[in-house]
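Following mature numbering (1 follows the signal peptide of the UniProt record, and there is no 0), the numbering of the sequence shown begins with 7 at its first residue and continues without gaps. Where a beta carbon is used, it is the ideal one built from N, C-alpha and C, also for glycine. See below for the structure under consideration.
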Amino acid sequence: AITVDPSADGAQIDDTMYGVFFEDINRAADGGLYAELVQNRSFEYSTADNSAYTPLTSWTVDGTAQVVNDAGRLNERNRNYLSLGAGSSVTNAGYNTGVHVEEGERYNFSVWARADSRTALTVTLQDADGTLAEAREVTVKNGWAKHKVSFRATRTSSHGRLTVTAAGAAAVDEVSLFPRDTYKGHKNGLREDLAEKIAALEPGFVRFPGGCLVNTGSMQDYSEASNWERKRAYQWKDTIGPVEQRATNANFWGYNQSYGLGYYEYFQFSEDIGAMPLPVVPALVTGCGQNRATDDEALLQRHIQDTLDLIEFANGPVTSEWGKKRAEMGHPKPFHLTHLGVGNEENLPNEFFARFQKFRAAIEAKYPDITVISNSGPDDTGTTFDAAWKLNREGHVDMVDEHYYNSPQWFLQNNDRYDSYDRGGPKVFLGEYASQGNAFKNALSEAAFMTGLERNADIVKLASYAPLLANEDYVQWSPDMIWFNNHASWNSANYETQKLFMTNVGDRVVPSTATGTPALTGPITGAVGLSTWATTAAYDDVSVTSADGTSLLTDDFGGDASQWTHTGRGSWTVQDGQYVQTDVAAENTMVSAGDTAWHDYDLKVRATKKAGK
Ligand code: AHR
């Protein structure tokens with residue numbers, strides 16, 4: 007029975023409670039949300055980005071063409087250009103199966119080019135079945151200049167190729183093709199179907215740009231000593247201004263990032279969908295398995311100044327240095343930045359917190375209204391987590407970012423995670439979480455868990471599922487919320503859970519109590535795996551028996567629980583005070599430690615609840 011007390015005051019739920027976390031992982035930006043159709047448009051792909059890359063990745067040459075890196079370049083941040091011989095052509099293969107165009111739709115082509123003697127470039131769109139649009143021509147002269155033409159597609163194809171043919175010798179760079187229709191019609195804009203799917207969630211905030219990509223790699227920016235060094239941490243100043251002047255970078259996730267989708271575009275998108283922008287800057291301590299802390303105080307101070315400049319870029323008047331740059335890019339009004347994250351999943355709590363405090367002090371001194379968010383490292387429990395929380399609590403941090411990716415069972419069993427969080431301590435930003443899978447049971451377990459977030463909305467102020475996007479042909483991380491290729495996108499079951507909660511945010515929780523729920527009064531059924539409950543220490547006298555009655559495992563949990571790395575699924579019932587797992591399907595494969603995939607067992611599992619649990 008459920009008892010509801012409408013007169014009692016539960017937690018207030020903020021409109022910004024549920025948001026999205028955008029990270030350029032799984033080609034979420036280039037080849038994803040960023041609507042550019044040409045891959046490697048500036049010939050900057052490099053083996054430093056990915057051992058399989060060359061400056062001609064995604065291009066094929068017919069005739070003579072050479073990638074050149076010399077003083078004749080377009081600008082200092084766009085090192086390579088292509089020198090095309092007379093009568094030669096170069097063809098781009100786009101992403102996935104090719105360049106996707108739709109019959110009747112318009113596409114805007116642009117190229118930076120120069121030629122010693124006046125000549126023509128012919129631009130065509132075609133697939134294996136023939137032309138996809140009428141050919142276009144631009145005239146190229148001495149000195150770099152940007153040339154534009156537009157196409158109307160005469161057929162729909164997801165296998166298109168874009169070809170540029172030079173009548174006489176010419177140099178080309180920043181070869182670009184965009185659909186005219188981008189989300190909200192912005193130039194250098196976003197792919198409509200993906201942006202609309204995100205907008206349909208009605209996110210309260212957009213956390214960006216990562217994740218691991220924020221604080222891994224070198225902390226130098228493009229203009230510092232190690233000029234053109236790849237694998238730089240994500241630094242916002244590298245990502246604004248004219249796109250042909252944004253130096254590309256090696257992405258933590260193993261590919262090149264053009265930064266065509268950069269900080270201005272993130273702010274613009276947040277505004278377009280009515281969400282609070284929530285950027286994350288590197289804290290000079292690398293995370294995600296690269297546990298190093300930078301001791302270079304000058305570098306740290308430069309990053310702190312960059313963060314102050316970021317706030318000015320977002321909120322400052324057009325007369326300020328960085329507010330002026332925002333205005334020049336097309337947005338004189340402020341973007342209303344109120345929250346900012348410093349760091350992501352640092353595994354060195356002391357080193358992180360020492361640097362975090364310097365960021366926070368500088369930000370609070372100049373912008374006291376900004377909420378500066380700290381984090382609790384990569385785990386949801388454990389020594390690092392406890393140490394990070396202790397520092398955050400003692401340091402009176404406003405808000406702490408937590409991340410976890412766990413089994414659906416974990417989510418079912420941790421609905422009460424925040425019930426006992428210290429109400430006098432920092433608020434929680436659940437910046438990344440997901441149960442391990444895109445199946446219905448995962449979505450359901452997340453929904454169950456989210457009722458616990460909501461019940462604790464006085465302390466859990468922000469929450470975002472992660473990751474948001476995945477291109478099906480370039481996956482580094484799964485599960486993900488929205489999937490796509492070069493012409494289609496589709497929602498996961500997890501998306502539907504998020505949408506349900508995000509589009510129905512209440513004002514306050516109405517307290518309720520339930521009796522007669524699972525405990526020992528079953529029967530209950532559900533997908534409950536071994537791994538979670540076996541390590542909760544809530545159970546005793548566990549036995550696992552194969553279908554033919556062979557005893558596979560028994561444990562009274564007096565010893566080492568680490569053997570319980572197995573996972574299993576099936577139906578559960580409560581019989582005579584015991585949880586019994588039956589109905590387990592037939593694959594009958596045991597898994598080894600570290601294997602996080604789901605396996606079906608033909609097993610029976612029996613466990614007795616410990617007294618008082
Ligand atoms: O969401 C994918 C990754 O998971 C993020 O980059 C990182 O913060 C976390 O480990």
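Return yes when at least one heavy atom of the ligand AHR lies under 7 angstroms from the C-beta of residue i, else no.
{"i": "P384", "result": "yes"}
{"i": "E29", "result": "yes"}
{"i": "E42", "result": "no"}
{"i": "A472", "result": "yes"}
{"i": "N255", "result": "no"}
{"i": "H409", "result": "yes"}
{"i": "G216", "result": "yes"}
{"i": "E277", "result": "no"}
{"i": "E478", "result": "no"}
For residue i, which residues from the same chain have a beta carbon less than 7 angstroms from its beta carbon, with the 5 sequence-adjacent residues on both sides left out?
{"i": "E502", "result": "A449"}
{"i": "F362", "result": "A289, V348, G349 and S380"}
{"i": "residue 633", "result": "Residue 633 is absent from the model: the chain starts at 7 and stops at 619."}
{"i": "I279", "result": "I204, A205 and P209"}
{"i": "G401", "result": "F359 and Q363"}
{"i": "K190", "result": "D278"}
{"i": "G458", "result": "N421, D422, R423 and Y424"}
How many Å lie between residue i and residue j at the Cα?
{"i": "N421", "j": "S451", "result": "9 angstroms"}
{"i": "K331", "j": "H345", "result": "21 angstroms"}
{"i": "S156", "j": "R197", "result": "18 angstroms"}
{"i": "G93", "j": "D133", "result": "21 angstroms"}
{"i": "Y439", "j": "A172", "result": "50 angstroms"}
{"i": "K610", "j": "K447", "result": "Model confidence at K610 stands at a pLDDT of 45, short of 50, so the residue's coordinates are unreliable; what they give is reported in the following sentence. Computed Cα separation, rounded: 20 angstroms."}
{"i": "D312", "j": "K243", "result": "8 angstroms"}
{"i": "Q263", "j": "N477", "result": "15 angstroms"}
{"i": "S164", "j": "W483", "result": "25 angstroms"}
{"i": "Y410", "j": "R33", "result": "22 angstroms"}
{"i": "E334", "j": "D135", "result": "43 angstroms"}
{"i": "V73", "j": "N81", "result": "15 angstroms"}
{"i": "R308", "j": "I369", "result": "13 angstroms"}
{"i": "residue 2", "j": "G174", "result": "An answer regarding residue 2 cannot be provided, because it is not within the stretch 7 to 619 covered by the chain."}
{"i": "H572", "j": "S413", "result": "Caution applies to H572, whose pLDDT of 33 falls short of 50 and renders its modelled position unreliable; the value that the coordinates give is listed next. Going from the Cα of H572 to the Cα of S413 covers about 12 angstroms."}
{"i": "N255", "j": "A520", "result": "53 angstroms"}
Determine the closest residue to residue i out of the options, with distance taken between C-alpha atoms.
{"i": "A35", "options": "H192, G266 and K243", "result": "G266"}
{"i": "R161", "options": "V107, V511, V212 and P185", "result": "V107"}
{"i": "N381", "options": "E29, V406 and T387", "result": "V406"}
{"i": "P283", "options": "A289, G295, V291 and Y269", "result": "Y269"}
{"i": "E50", "options": "L88, D15 and E198", "result": "L88"}
{"i": "N75", "options": "D68, G69, N84 and V67", "result": "N84"}
{"i": "S123", "options": "G91, L138 and V96", "result": "G91"}
{"i": "K152", "options": "P248, A54, N221 and T63", "result": "P248"}
{"i": "T125", "options": "G223, R79 and V146", "result": "V146"}
{"i": "E509", "options": "W118, I204 and F115", "result": "Per the sequence presented here, residue 509 reads as Thr, with Glu not at that position. With distances taken between Cα atoms, T509 lies closest to I204."}
{"i": "S48", "options": "V181, R167 and V96", "result": "V181"}
{"i": "E143", "options": "I31, T130, P473 and G149", "result": "T130"}
{"i": "A159", "options": "F417, Y189, P185 and F341", "result": "P185"}
{"i": "R423", "options": "D386, N114 and S57", "result": "D386"}
{"i": "Y101", "options": "N492, Y228 and N114", "result": "N492"}
{"i": "T300", "options": "T390, T128, G223 and Y113", "result": "G223"}
Drop a sphere of 10 angstroms on the beta-carbon of residue i, count the other beta-carbons inside from all chains shown, and report buried for 16 or more, exposed for fewer.
{"i": "N353", "result": "buried"}
{"i": "L306", "result": "buried"}
{"i": "W259", "result": "buried"}
{"i": "I8", "result": "exposed"}
{"i": "K372", "result": "exposed"}
{"i": "R238", "result": "buried"}
{"i": "G336", "result": "exposed"}
{"i": "W489", "result": "buried"}
{"i": "Q415", "result": "buried"}
{"i": "G293", "result": "buried"}
{"i": "A494", "result": "exposed"}
{"i": "S13", "result": "exposed"}
{"i": "A201", "result": "buried"}
{"i": "V10", "result": "exposed"}
{"i": "D486", "result": "buried"}
{"i": "D302", "result": "exposed"}
{"i": "A77", "result": "exposed"}
{"i": "R45", "result": "The displayed chain sequence assigns Gln, not Arg, to residue 45. The residue is buried, with at least 16 neighbouring Cβ atoms inside 10 Å."}
{"i": "N297", "result": "exposed"}
Below 8 angstroms CB to CB, which residues in the same chain sit around residue i once its five sequence neighbours on both sides are set aside?
{"i": "F211", "result": "T22, G25, V26, S276, A281, M282, P283, L284, H345, L468 and S470"}
{"i": "L506", "result": "A453"}
Excluding the 5 residues flanking residue i on each side, which residues of the same chain have their C-beta closer than 6 angstroms to its C-beta?
{"i": "A177", "result": "Y87, S89 and R120"}
{"i": "W328", "result": "D315, E318, F319 and G322"}
{"i": "G16", "result": "R514, V515, V516 and P517"}
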